[in-house]
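Chains as they are written, first to last, in my numbering: chain A, 3 to 418; chain B, 17 to 240; chain C, 57 to 168; chain D, 547 to 1570.
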Amino acid sequence: MKRFSVFSLARNAFSHHEDWPRQWRSPEPKPEYDVVIIGGGGHGLATAFYLAKEHGITNVAVLEKGWIGGGNTGRNTTIVRSNYLFDESAHLYEKSLQLFEKLSQELNYNVMMSQRGVMNLAHNLHDVRESRRRVYANKLNGVDAEWLEPEEVKAFCPIIDISPDARYPVMGATLQKRAGVARHDAVAWGFARGADARGVDIIQNCEVTGLRIEKGRIVGVETTKGFIGAKKVGSVAAGHTSVICNMAGFRVPLTSHPLQALVSEPIKPVHPCVVMSNAVHVYVSQSDKGELVIGAGIDAYNSYAQRGSFHIIEGQMGALRELFPIFSRLRMMRSWGGIVDTAPDASAIISKTPVENFFINCGWGTGGFKATPGSGWVFAWTLAKGEPHPLNAAFSLDRFTSGALVDEHGAAGVAH
Amino acid sequence: MAKPASPGKVAPGFPPGRASTKELDTRAMDLRFSPLEAVSHRLVAASAADHASVAELPFTTQIGLRGDASKAAFANAVKSAVGVAPPKEACTVAVKGDNRILWLGPDEWLVVAPDDPDGALLARLEKALAKVSAAAVDLTGNRSVIELSGPSARAVLEKGCRHDLHPKTFPVGRVVGTLMAHTQFFLEKTSDNPETFRLYVRSSFARHMAEWLMDAMAEFTGRV
Amino acid sequence: MLLIPCPYCGERPEIEFSYGGEAHIARPQNPASLSDTQWAEFLFMRGNQKGAFRERWIHTHGCRRWFNMLRDTTSHEIYAVYKIGAPKPPAPGEKPAAAKKPATRARKGASK
Amino acid sequence: MTGSMRLPGGGRIDRSRPLKFTFNGKGYTGYEGDTLASALIANGVHLIARSMKYHRPRGLMTAGSDEPNGMVQLATGARTEPNIKATQIPLYDGLEASSVNVFPSVETDIGAVNGLLSPFMTAGFYYKTFMPSQLFWDKVAEPIIRKAAGFGKAPTEPDPDVYDHKHVHCDLMVVGAGPAGLSAARAAAATGARVILADEQAEFGGSLLTLHREIDGKPSAEWVGSVVSELSGHDEVTLLRRTTVTGLYDQNYLVALEQKIDDLTPSSPANPRMRVWHIRAKEVILATGSHERPLVFADNDRPGTMLASAALTYMNRYGALPCNKPVVVTNNDWAYETARTFKAHGAEVTVVDTRKTVPEDLGTEMAHLGIEVLADSTVTGVSGKHRVKGVSVAAKNADGSGIAGVSHSIDADGLIVSGGYSAAVHLFCHVGGKLSFDDARVSFMPATGRKALACVGGTAAEFGIAAAIDGGAAAGAKAAQAAGFKPGRAGKGVQVADDRADGNVEAAWLLPSGTAPNRSKAKFFVDYQNDTGAADIALAVREGFDSVEHMKRYTLTGFGTDQGKLGNINGLAILAELTGRTIQETGTTTFRPPYTPVTFGALAGRDAGDMLDPIRVTNIHDWHVAHGAEFENVGQWKRPWYYPIDGETMHQAVARECRAARTAVTALDASTLGKIDVTGKDAGVFLDRVYTNMMSTLKVGSVRYGLMLHEDGMVYDDGTVTRLAENRFLVTTTTGGAASVFQHLEDYLQTEWPDLDVYLTSVTEQWATVTVSGPKARMLLERITDMNLDPADFQFMTFREGKVAGLPARVFRISFTGELSYEISVVWHHGKALWEAVMDAGHDFGITPYGTETMHVLRAEKGFIIVGQETDGTLTPYDLGMGWIVSKKKEDFIGKRSLTRPDTVREDRKQLVGLLPEDPGFVVPEGAQLVNNSVKLKDVPHFAPPGLDGAPIYGRKASPVPMLGHVTSSYWSDALGRSFALGLVKGGQARTGDIVYAPLDDRTIAMRIVDPVFYDKEGARRDG
């Protein structure tokens, strides 16, 4: 792998940028791999990267039915944070945040990690109570968190309206200063380049059409490029996980929904941080390109169409304008939808399955991007050892049988 | 009709010490305070008959009715008490004199009648339905009835109501449950000339709806 | 904003409705007799089909009736709506189910 | 160069109405009917903006919504708006506009230094650098990038304007009022169908506003006029001008933005600034026309470079001459009309035609007009920094891959380009429509579509006017028929003179030149706004970003405010060439709503301030306001929180209210509780199935408290059940849970147990409820009722019907405070009278109104839970110490099975306990976590995740400080004279007497686990 740096950039400028190699190869599939990963999104690519880097397992293929990073990786609002309520979630997301903090260096790829701080607003007494609860829990888990009074909210983000007679008055906020945003595409591409350099085959336009299971054990996958043998298979197919698992003959506790987002036209910097409001389902930051990046609430119905209903967007605009009165004359430039797979407890599933050597990593719902490196790291471990790592042990499928859910609904609301 | 009471002004109340029951009884009628009473003067000010007018029809009797319309016993019982059987056709209204029955669902109706402080109609219905699988529930307080009328009434509603209100699809005698201003309500078309609608709005939402309507009417009445 | 043909009221905008998720997941007759795994199957496991999908909706702000809908989750095309207890209409390309007497309960029950 | 470029006559402007405006502080004059763009051109102003990355000087490329360059900051102060396309601003008197992304001025811009760095600033350069040091990125690089990015500026004040929405239905929605759209609307309207016709322009006519043709022997303007007047005559037709259909959604739902008034006219509810139309159409016809493409060659962005169709529009429609000496570069016949028109206005015109041969008749005509035509030629460069000065032209070599011989330069002050037309298929794609590339028309076309959706005219890559009109008419008639109307007789086809339906386009994208783009000093722009060049696309392909979506994301092609309307097709054609694929194989990126940007304020509409979300109030609300209550938002309700008097703090007010409840008498407005009437002979059976405890055994006249669970066994809601009659119960729910509980009950009733004879009716607002509570409650009530209040007769947990204050009332003896309490319900509109009667009658007893805060304290002293405060969806009744309310007799109820799952029977689950701070004066913050050892938050180490060996790190524990649970409620108790709390603690029910700690930032609070009932454990006070 050719190292990227300001020097390589300068050197290549003199050769008219004609010597840059492909950032990842485009190989034909081999007949068999030690591990086949279904899904070339951020999580799948991170899994491959850490399999190679941490476990020395390099005979790995990542199969992507379209183009890598084309699903939710390229459709989210790029928020990275770890201030989850319950221990299990906080530990996993904090692992991920710590990986994010060094990811540009680790990948030699600038993922534009920007720790500008994430505020979660509280609008009523119930929010205040639950927010404080989360701050205390975060702190005891060694995760940075602060509680801000309304004036402190205003100081941190001066464009927020904190007038007490607003329909949704700002009664305070939690703040995680280490949280922020990262460039979503770069995360996928950086992991792809890093995995490829370590020998992983990234195979695009290769759709999995079936799973070959013999005596309860997976032996490979049928694809649009033919059969590919595999000692182990990990599905990281996000919204399409149910489709893959239905091929394997079992159901999973997931439903796939549209989640919409939009950006404004690019404007000069005006919004310094990330603001989230679960009560009104708005989260907004400003990208390095100048666009306000705004997420909406989830559409209620099941869908694989990558689009949702317009009233969801319209509804959030009212709330957005109340919180940020100066945004009223800015304009929505582009909107889009992703397919999020949500589990009943709003937590992920990183688990063994009823099929031997077949593992799944899914259920990230509305909050998968921030977990990308952590998810890949623990799933690589799980694939390598055949058992969950302590960080993802609580996120196994069997929790739905035992009842040991990690229910982040109550305190996290929409968990972006 | 109750006295209008403005916020902050306490209506004439009860003297300390015990009042006689009879005295209290006679007062009860006077002390009704409809959901829009406090804003009734503003409704008047916001209305312009040539364009759009809005007013509350306070204390309109409303009775929730549940039962199986395909059973003759039920339909007959209702008819004997109200004067008309509950309509079977979806989203329609059956009218007899001052009484009307609005279809709300396949087994649910709203009986609407003039102010009936003694509850005579409800008593009649309950008696008639005593032997039938049915429910009749007084809902007079549950919703405020708002009348919106005028040549621009439909345009006012179109600012928030997603139902097709064209006279061809929503003629007189139709009723739908729908949403406007984030508020559930029943919308009934009662007249074509001028176009007149009744909005049955939950009492706690009535002021919100009234504010919304007054704001929506401004484009047509010019009264901001 | 889907346009949902309520089987009672006709076509109405999506905002009048609430979603009830996958249809035809009947509550077990006798939960106590089920193993934890079987109970989890009922509680949580879903088909989440891509393509033709049977789902539950309630016309919350209209007639307040629950009903079933057959909709394509890739195109949002609505193929059919049917009342609780009515036989399943076939999905495009699917053979109509043999006429069976509708069960009387459990999300297949006859509507009142 | 400035100076008047206004043509002496012609155009659709009103020369009798001059309008003054300023651009970058300088005053100009235009006319009614101008856009800002046409007025600037008429004033000879070309340099309008700077590009995103290199800050290249830029001028107007187009005359419409596809404009990538000509963005301005419009107006000032609270009404300022960034990034508005000058081509879309109808001129008005007093308009002020300025260039965006420039410092200090558009002429001299410091950011232009980026142009010098451009060899380093290739596509995605930032991914490759700045990362050795995160600190450098955080502190230096990112702030610079952020500051450099973005165009205009957000306002700094709230928006003073008012926006509106409108919801309509129609049989046919026609998008675009050009020849095809007008014709379609006319055909459908004639049948009586409800038709809506919308166009983004201020005037209907579309391309006919620019193209002067004879239709059936009449000038096209007359044809437009007659169709519009015919349409205006139909009652069922709605004509929307300045209305852009921005999105097409499932089941023919369209969203359109209407600009009602200009930016200087103050708006009001009576006159909103913009209106968002929501349109549900049975049939949709897209007549959105087509977009002309530029060509890609060296420095194809010099100000003065413009599309041929735009130049024609400025001349024909606005009477403004873009330049005096244009070079027209084309790959088709259509651009010759622009050349011809320039010539007619006295310009000196040269045509560079990239095609091998020029059609003979055109060649002859041009020769006759004195226009030099260079066929089989290409452009190799453009000079002039702030304005085109010269255009270098060369002949193509034999196979068209490069140039033959040397370039020669032509003096010019304008460069007019045409690469052919692309169908405007954006809306078609919003709902998943698929496209196919037509090699003959050199355009994408709608392929597989949706039901009840047709594309006509330019949208279907049908570029002739006659074809558009005839096709529109046929589609309009067909749509009306599909919507249930009888179409009239089909008219005969129209005759259009000089209707060049076929432009003889020869595909051309990146024009051949002497140097490869990446080796050239010049830039070959594809996406103007983002400064994406052909070299960037080549680099993307080289680095493996060779799928169209990767190329787009890596190079930012199509991410500008024109959303790729102008440049996308060139980008993907160049990508196709580089990867050896066809354009069809390469495919497009997905067009997504909105078609053009939509103001957030307009989307929000009238959902502003208190109308954002309904405020629900009780019948007694005005009294609370008049008596100085502070309010709490509980869901949508405004509930009195506390009633401060004489400047009391909340703490003082609540203590006073609590004291009154324990010593005298108090009143609470409890009208907000959800109420459901449950009637039917199976009502008891039904309630048995939905509550954990037995309800069917309740006696008529009695009340029982109940818990509802979800099927997962977790507490969902609580409330009381009263048996009003044999077959009638009244259920109460929490204030916030009313709607969801009602729906939950209907779900089970309708879909699981339809055989039950039960009817549910929500009666929340049928009843206003006043709770009178306190030792003197009976004395108070005796003054206003004749009911027998003797506690032996009217017992706890029973109810009575009778009269209170002369009002028909239901009186319930239930208590959430622990004191003697009467919950009195009257019909909603009697609520105020009842409240006032209670306040009057209680005057002598010191009656005190209290709010939710006091209610919370009083119930917590009694250990009563609040669903949503003590619970969070993860607690069973057993966890709450409420096993007593779970029936052992019932075989089944909702959630029962889940209570015996392995996790729900664990003994170390979090359980509800009482907590007494060792420091009785300290009120622990709610939400504080509880731990086993004394620790301060500031001493907690940063979390260290377990590593590759999988070994836990903090001894055997996962967390640095393992948590036991948290404080759910915490108050000062006036009655106890100390602080107290409720909380959840792992295995807490077996730990009574233990000390746990609540770590705060710099201290830790020791708390003793106690029974959760703090006050009147025996329940002696409830009878007074």
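Just so it is clear, CB atoms sit at the ideal spot from N, CA and C, and this is done for glycine as well.
Problem - chain C residues whose Cβ lies nearer than 9 Å to that of A/T257 - result: G77, E78, R102 and N104
Exercise for the section: With D/P689 as the anchor, note down where its alpha helix (DSSP H) starts and where it stops. Expected result: Counting along the chain, D/P689 sits inside the alpha helix (DSSP H) bounded by residues E688 to A694.
Problem - Proximity below 9 Å, CB of D/W823 to CB of D/L853 - result: For D/W823 and D/L853, no; Cβs fall outside 9 Å.
Handout entry: Three-pair Cβ contact test at 8 Å for the segment 1044–1059 of chain D versus the segment 920–934 of chain D
Key = yes
Problem - Alpha carbon of B/G83 to alpha carbon of B/P210, nearest angstrom - result: 35 Å
Problem - Own chain residues within Cβ distance below 6 Å of A/D409, not counting five before or after - result: Cβ neighbours of A/D409 within its own chain (closer than 6 Å, five residues either side excluded): D347.
Exercise for the section: Under the assumption that D/G1155 contacts D/H711 (Cβ atoms under 8 Å), give the Cβ distance between them as a whole number of angstroms. Expected result: Between D/H711 and D/G1155 the Cβ distance is about 16 Å, and since that is not below 8 Å, they are no contact.
Handout entry: Neighbour flag for D/E1437 against chain C, beta carbons, 9 Å
Key = At a cut-off of 9 Å between beta-carbon atoms, D/E1437 makes contact with chain C.
Practice task
Mind checking which residues open and close the alpha helix (DSSP H) that includes D/C716?
Solution key: No alpha helix (DSSP H) holds D/C716; the beta strand (DSSP E) holding it covers Y709 to V721.
Exercise for the section: Report the neighbours of A/A298 on chain D: residues whose CB is nearer than 7 Å to its CB, in chain order. Expected result: Going along chain D, no residue has its Cβ under 7 Å from A/A298, so there is no contact; the nearest lies around 11 Å.
Handout entry: Contact residues within the segment 390–414 of chain A, judged by C-beta distance below 7 Å to chain D
Key = Among the residues of the segment 390–414 of chain A, those with a Cβ less than 7 Å away from any Cβ of chain D are H391, P392, L393, S404, G405, A406, D409, H411, G412 and A413, in the order of the chain.
Handout entry: Simplified DSSP assignment, three categories, for D/I1431
Key = helix
Practice task
Helix, strand or coil for D/H1167, going by three-state DSSP, please let me know.
Solution key: helix
Practice task
Assess, as a yes-or-no matter, whether the segment 1336–1355 of chain D is touched by the segment 114–134 of chain B under the definition of 3 or more beta carbon pairs within less than 8 Å.
Solution key: Contact fails between the segment 114–134 of chain B and the segment 1336–1355 of chain D, because fewer than three Cβ pairs, one in each stretch, are under 8 Å apart.
Problem - DSSP state of C/N86 mapped onto helix, strand, coil - result: coil
Practice task
Using a threshold of 9 Å, state whether the C-beta atoms of A/V113 and A/K372 are closer than that.
Solution key: no
Exercise for the section: Name the residue from A/R333, A/R309 and A/I328 whose alpha carbon lies nearest to the alpha carbon of D/A1138. Expected result: The displayed chain sequence assigns Arg, not Ala, to residue 1138 of chain D. Selected option, being the one with the closest Cα: A/R309.
Handout entry: 9 Å Cβ cutoff met for A/R135 and D/E1472
Key = yes
Practice task
Go through the segment 1272–1353 of chain D residue by residue and report every complete run of the alpha helix (DSSP H) that reaches 4 residues or more, in order.
Solution key: 1284–1293 and 1323–1328
Handout entry: Three-state class that DSSP yields for A/G42 in the structure shown
Key = Coil.
Practice task
Give a yes or no on whether the C-beta atoms belonging to A/S98 and A/T374 are separated by under 9 Å.
Solution key: With respect to A/T374, A/S98 sits close: the two C-beta atoms are nearer than 9 Å.
Exercise for the section: Would you mind working out which of A/A298, A/M335 and A/A307 sits nearest A/L322, comparing C-alpha positions? Expected result: A/A298
Problem - For D/G1388 and D/V1316, the rounded distance between their alpha carbons - result: 13 Å
Practice task
Would you identify the three-state DSSP class for A/R195, choosing helix, strand or coil?
Solution key: helix
Practice task
Starting from the Cα of D/A1026, find the closest Cα among D/K572, D/V1042, D/G738 and D/F1091 and give me that residue.
Solution key: D/G738
Problem - Collapsed DSSP secondary structure at A/S91 in the structure displayed - result: helix
Exercise for the section: Using a Cβ-Cβ cut-off of less than 8 Å, list which residues of the segment 677–695 of chain D approach chain A; keep chain order. Expected result: Within the segment 677–695 of chain D, the residues whose Cβ lies closer than 8 Å to any Cβ of chain A are, in chain order, M677, P678, Q680, W683, D684, E688, I691, R692, K693 and A695.
Practice task
List the residues of chain D that C/H132 touches, going by C-beta distances under 7 Å, in chain order.
Solution key: D796
Problem - Three-state secondary structure assigned by DSSP to A/R169 - result: coil
Exercise for the section: Could you please give me the residues that DSSP links to D/Y1500 through a beta bridge? Expected result: According to DSSP, which records beta bridges pairwise, D/Y1500 is partnered with D/K1503.
Practice task
Verify the CB distance criterion: does C/G149 have a CB-CB separation below 9 Å to chain A?
Solution key: no
Exercise for the section: Using a Cβ-Cβ cut-off of less than 7 Å, give me the residues of the segment 708–720 of chain D that come near chain B, in sequence order. Expected result: Against chain B - using a Cβ distance shorter than 7 Å - the residues of the segment 708–720 of chain D are D710, H711, K712, H713, V714 and H715.
Practice task
Using a Cβ-Cβ cut-off of less than 9 Å, list which residues of the segment 102–115 of chain B approach chain C; keep chain order.
Solution key: A106 and C107
Exercise for the section: Could you tell me which residues DSSP puts in a beta bridge with A/K234? Expected result: A/V37
Problem - 9 Å Cβ cutoff, A/P375 in contact with chain D - result: A/P375 does not count as touching chain D.
Practice task
Tell me, please, which residues DSSP counts as bridged to A/C364.
Solution key: A/I351
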